[in-house]
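Residue 11 in the UniProt record's numbering sits at position 11 of the sequence shown; the count goes up by one each step and never skips. C-beta atoms are modelled at their ideal positions from N, C-alpha and C, and glycine is treated no differently. The next block holds one structure in the form of structure tokens; read it before the comments.
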Amino acid sequence: MSDLVGKPFPEGFHFNYVPYDEADQKDHLSCKIPIQLKLTPEYFKGKKVVITSAPGAFTPTCTLSHIPGYIEKASEFASKGAQVIVITQDSAFVNSAWGKLLGQKQPIEFASDYQATFSKSIGWVVDAGEMGTLTGRYTIIVDDGKVVYAEKEAGKDVTVSGADAALAKL
């Protein structure tokens with residue numbers, strides 16, 4: 001377990017994302033302008049937020065094993081009052097397209113931790129050699145501004161960062 005647990009979510013960070021739009025889901029080529037999701041105490045006030053990080057959009061484990069569980073269980077997250085944010089270091093445009101192709105549903109947003117800024121700040125990144133520094137595979141749950149769960153995968157399997165692990169902690 002991380003030393004983040006029991007503390008307020010770190011301040012001073014934001015993700016960029018293209019907001020979910022039901023009408024846009026089938027148009028894979030639509031390209032709306034990303035906006036900032038400021039991760040402030042006000043944003044987290046009175047909310048449960050699950051942030052799950054994957055090393056990269058359109059990569060094998062992320063696309064086949066990790067993120068589909070969140071999409072398949074979107075209604076379970078919604079019933080627990082939880083917002084889900086899927087992040088990678090890829091651009092907001094890439095993450096938006098990835099979300100559409102995976103069948104994104106509410107309450108899930110796909111966002112960019114561009115250049116892995118947030119992930120670097122907590123030390124949860126992957127050195128991918130020539131591909132650079134990627135966001136690690138992890139999940140953080142924030143309840144009313146306080147981190148209540150934070151786990152990073154030790155290997156390539158999806159266990160502590162998966163949808164079932166997150167749901168069990170909500």
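Give the secondary structure of residue i by DSSP, where H, G and I count as helix, E and B as strand, and everything else as coil.
i: T52; result: strand
i: D90; result: coil
i: D157; result: coil
i: P41; result: helix
i: P8; result: strand
i: A82; result: strand
i: I33; result: coil
Compute the distance between the beta-carbons of residue i and residue j, then report whether it is under 7 Å.
i: D136; j: K152; result: Here residue 136 turns out to be Gly, not Asp, going by the sequence shown. The answer is yes: Cβ separation under 7 Å.
i: L167; j: E76; result: yes
i: D144; j: G46; result: yes
i: D90; j: A57; result: yes
i: S121; j: Y138; result: no
i: V147; j: L4; result: yes
i: A97; j: Y17; result: no
i: A54; j: K105; result: no
i: A150; j: S2; result: yes
i: L170; j: K32; result: no
i: H66; j: V158; result: yes
For residue i, count the other beta carbons within 10 Å of its own beta carbon; 16 or more makes it buried, fewer makes it exposed. Which is it?
i: E109; result: buried
i: L101; result: exposed
i: G99; result: buried
i: residue 172; result: Past the boundaries of the shown model lies residue 172; the chain is included only from 1 to 170, so the question cannot be answered.
i: T52; result: buried
i: L29; result: exposed
First and last residue of the beta strand (DSSP E) that includes residue i?
i: E109; result: I108 to S112
i: Y138; result: Y138 to D143
i: D127; result: V125 to D127
i: L134; result: T133 to T135
Starting from residue i, trace the alpha helix (DSSP H) in both directions and tell me its first and last residue.
i: F118; result: T117 to S121
i: K146; result: Segment K146 to K152 is the beta strand (DSSP E) holding K146; no alpha helix (DSSP H) there.
i: Y17; result: Not the alpha helix (DSSP H): Y17 falls in the beta strand (DSSP E), residues H14 to Y17.
i: F77; result: A74 to S79
i: K169; result: A163 to K169
Worksheet item: For the stretch 52–70 against the stretch 78–88, are there 3 or more C-beta pairs whose distance is under 8 Å?
Response: yes
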